[in-house]
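Undergrad:
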Amino acid sequence: MSAWSVRRQGTGTPLDEAQLLETQQAFDSVAADYDGPRGNNELIQRMRLAMWDTVYSELQPESRLLDLGCGTGIDALEFAKRGHEVVATDWSPQMVERTRARAAEAGMASRVTAAHLGIQQLDKLEDTFDVIYSNFGPLNCAPDLGAVAAECARLLRPGGRLVFSVMGRLCPWELGHYALRGRFKRAAVRAARGATAVGMNRRTIWTYYYFPREFYSAFAEHFSLESYRGLSLFMPPPYLVDYYRRRRHWCDRLGRLDDRWGALPLLRDMGDHFLIVMRRP
Numbered sequence: 001m002s003a004w005s006v007r008r009q010g011t012g013t014p015l016d017e018a019q020l021l022e023t024q025q026a027f028d029s030v031a032a033d034y035d036g037p038r039g040n041n042e043l044i045q046r047m048r049l050a051m052w053d054t055v056y057s058e059l060q061p062e063s064r065l066l067d068l069g070c071g072t073g074i075d076a077l078e079f080a081k082r083g084h085e086v087v088a089t090d091w092s093p094q095m096v097e098r099t100r101a102r103a104a105e106a107g108m109a110s111r112v113t114a115a116h117l118g119i120q121q122l123d124k125l126e127d128t129f130d131v132i133y134s135n136f137g138p139l140n141c142a143p144d145l146g147a148v149a150a151e152c153a154r155l156l157r158p159g160g161r162l163v164f165s166v167m168g169r170l171c172p173w174e175l176g177h178y179a180l181r182g183r184f185k186r187a188a189v190r191a192a193r194g195a196t197a198v199g200m201n202r203r204t205i206w207t208y209y210y211f212p213r214e215f216y217s218a219f220a221e222h223f224s225l226e227s228y229r230g231l232s233l234f235m236p237p238p239y240l241v242d243y244y245r246r247r248r249h250w251c252d253r254l255g256r257l258d259d260r261w262g263a264l265p266l267l268r269d270m271g272d273h274f275l276i277v278m279r280r281p
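This is the structure in structure tokens:
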């Protein structure tokens, strides 16, 4: 997310329809170029590969997957090309259209079903899945995680997995980057309790931030926790891609630290995102 401005909503106050619509319109506004530097630069691609590897480790041949917040369909097409069926959903109708076009261009329309469906609307879905995944924080915009957990339990087969990439509450790079520039309000944005209005493209995305265990608590009634790890802990977060490009060799060495130590206790609670895996008993 870029062009940040910040407003906060009271702790525990759910998003209303107007705020959900604001979030939808923000993502609609960037759908046309989201495959470029804004949504798919080198640092994003690195985190995307971590998600893919984790999902692959949970899949059987010809699995059926549900993608929550599919964006332009990059993840859905990857899994479809590997022989799986994907129902790709997003709250942004423009993102859904991009996913449909991508699937058609790749000859994967029979394996990818794209649906305009928000995470808060999963009760409208009737299906069964082997894996439900979500990449790059769509669940940070969900107004009620407990309701999402209940619907995922309904939709996921016994023994199935949830694999979610979620924006974390503590990102050391972000704290240091903005604090050193005297932008203390921006540095502390993830500490907000309740929804935070984050500016993107002169529009607003209403966002909740979580520690991994805080996030898991909403799912604990229905799912067991398998694992979690930090993403972009030592590596810069994706919006600092220009910094990465100027210091690529050094940053790639930091990336190897992410790979080696990102799942260790304490360290796994930090990073731009965390990658969490849960199992339905």
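Going by my numbering, the residue at position 102 of the sequence shown is 102; the numbering climbs one at a time, nothing skipped.
C-beta atoms are modelled at their ideal positions from N, C-alpha and C, and glycine is treated no differently.
In this text, all values refer to a predicted model and were calculated from it rather than measured experimentally.
Tell me which same chain residues have a C-beta within less than 7 Å of the C-beta of Leu-77, skipping the five on either side of it?
TA: What you label residue 77 is simply residue 77 of the sequence shown in a count that begins at 1. Only Arg-102, Ala-103, Ala-106, Met-108, Val-112 meet the Cβ criterion.
Undergrad: May I have the straight-line CA-CA distance separating Thr-72 from Asp-33, to the nearest angstrom?
TA: Along the sequence shown, read from residue 1 onward, the residue named residue 72 stands at position 72. Along the sequence shown, read from residue 1 onward, the residue named residue 33 stands at position 33. For Thr-72 and Asp-33, the distance between alpha carbons rounds to 10 Å.
Undergrad: Taking 8 Å as the threshold, find out whether the segment 236 to 245 comes into contact with the segment 194 to 206 through three or more Cβ pairs.
TA: No, the segment 236 to 245 does not touch the segment 194 to 206.
Undergrad: For Leu-233 versus Gly-262, is the C-beta spacing smaller than 9 Å?
TA: The residue you call residue 233 lines up with position 233 of the sequence shown. The residue you call residue 262 lines up with position 262 of the sequence shown. Yes, these two residues count as a Cβ contact at 9 Å.
Undergrad: For Pro-212, is the classification buried or exposed, using 16 other Cβ atoms within 10 angstroms of its Cβ as the cut-off for buried?
TA: Indexing the sequence shown from 1 puts residue 212 at position 212. With 16 or more other Cβ atoms within 10 Å, it is buried.
Undergrad: Can you give the Cα-Cα distance for Ala-80 and Ile-119, rounded to whole angstroms?
TA: The residue you call residue 80 lines up with position 80 of the sequence shown. The residue you call residue 119 lines up with position 119 of the sequence shown. One C-alpha to the other measures close to 21 Å.
Undergrad: Is it buried or exposed for Phe-184, if we count other Cβ within 10 angstroms and need 16 for buried?
TA: Within the sequence shown, numbered from 1, the residue matching residue 184 stands at position 184. So Phe-184 counts as exposed.
Undergrad: Measure the C-alpha to C-alpha separation of Arg-280 and Met-51 and round it to an integer number of angstroms.
TA: Translated into the one-based positions of the sequence shown, residue 280 becomes position 280. Translated into the one-based positions of the sequence shown, residue 51 becomes position 51. Distance between the alpha carbons of Arg-280 and Met-51: 19 Å.
Undergrad: Any contact of the segment 17 to 35 with the segment 85 to 97, i.e. 3+ C-beta pairs under 8 Å?
TA: In short, these stretches touch, since the Cβ pair count reaches three.
Undergrad: Could you spell out the range, first to last residue, of the alpha helix (DSSP H) harbouring Pro-37?
TA: Taking the sequence shown and counting its residues from 1, one reaches residue 37 at position 37. Residues 37 to 40.
Undergrad: Assign Gln-94 to buried or exposed, taking buried as 16 or more other Cβ atoms, counted over all protein chains shown, within 10 Å of its Cβ.
TA: Taking the sequence shown and counting its residues from 1, one reaches residue 94 at position 94. Buried, since its Cβ has 16 or more Cβ neighbours within 10 Å.
Undergrad: List the residues that DSSP assigns as beta-bridge partners of Met-278.
TA: The residue labelled residue 278 in the question sits at position 278 within the sequence shown. Leu-162, Leu-225.
Undergrad: What does Val-112 pair with, by DSSP beta-bridge criteria?
TA: Against the sequence shown, residue 112 aligns to sequence position 112. DSSP lists Val-86 as partners of Val-112.
Undergrad: When burial is assigned at 16 or more other CB atoms within 10 Å of the CB, is His-273 buried or exposed?
TA: Counting from 1 along the sequence shown, the entry for residue 273 is found at position 273. Answer is buried; the Cβ neighbour count reaches 16.
Undergrad: So is Glu-62 buried or exposed if we call it buried at 16+ other beta carbons inside 10 Å?
TA: Within the sequence shown, residue 62 is the residue found at index 62, counting from 1. By the neighbour-count rule (16 or more Cβ atoms within 10 Å), Glu-62 is not buried but exposed.
Undergrad: Residues in the same chain with beta-carbon distance under 8 Å from Glu-17, minus the five sequence neighbours each way, listed in chain order, please.
TA: Counting from 1 along the sequence shown, the entry for residue 17 is found at position 17. Cβ within range, chain order: n/a, list empty.
Undergrad: Decide if Trp-250 is buried, meaning its Cβ has at least 16 other Cβ atoms within 10 Å, or exposed.
TA: For this step, residue 250 is matched to residue 250 along the sequence shown. Result: exposed.
Undergrad: Less than 9 Å separating the beta-carbons of Val-96 and Gly-137?
TA: The residue labelled residue 96 in the question sits at position 96 within the sequence shown. The residue labelled residue 137 in the question sits at position 137 within the sequence shown. Taking 9 Å as the Cβ cut-off, Val-96 and Gly-137 do not qualify as a contacting pair.
Undergrad: What span of residues does the beta strand (DSSP E) with Phe-129 cover, start to end?
TA: One-based indexing of the sequence shown puts residue 129 at position 129. Segment 129 to 134, the beta strand (DSSP E) holding Phe-129.
Undergrad: According to DSSP, is Met-51 helix, strand or coil?
TA: Taking the first residue of the sequence shown as position 1, residue 51 is located at position 51. In this structure, Met-51 counts as helix in the three-state DSSP scheme.
Undergrad: Answer with buried or exposed for Thr-128, where buried requires no fewer than 16 other C-beta atoms within 10 angstroms of its C-beta.
TA: Here residue 128 is taken as the residue at index 128 of the sequence shown, counted from 1. Under this definition Thr-128 is an exposed residue.
Undergrad: What are the complete beta strand (DSSP E) segments, minimum 3 residues, inside the segment 153 to 200?
TA: With a minimum length of 3 residues, the continuous beta strand (DSSP E) runs that stay inside the segment 153 to 200 are 156 to 167, 196 to 200.
Undergrad: Is Thr-72 helix, strand or coil by DSSP?
TA: Within the sequence shown, numbered from 1, the residue matching residue 72 stands at position 72. It is coil, neither helix nor strand.
Undergrad: Please confirm whether Met-200 and Leu-43 have their CB atoms less than 9 Å apart.
TA: Walking along the sequence shown from the start, residue 200 turns up at place 200. Walking along the sequence shown from the start, residue 43 turns up at place 43. No, the Cβ-Cβ distance between Met-200 and Leu-43 is not below 9 Å.
Undergrad: Please go through the same chain and pick out, in chain order, the residues whose beta-carbon is closer than 6 Å to the beta-carbon of Arg-190, but skip the five residues on each side of it.
TA: As a working note, residue 190 is residue 190 in the sequence shown. Contacts found: Arg-169, Tyr-209.
Undergrad: With a CB to CB cut of under 7 Å and the five nearest residues on each side skipped, what residues in its chain are close to Pro-37?
TA: Here residue 37 corresponds to residue number 37 of the sequence shown, with the count starting at 1. So the qualifying residues of the chain are Val-241.
Undergrad: The alpha helix (DSSP H) that contains Arg-98, what's its start and end?
TA: Within the sequence shown, numbered from 1, the residue matching residue 98 stands at position 98. 93 to 105 is the span of the alpha helix (DSSP H), which, as asked, contains Arg-98.
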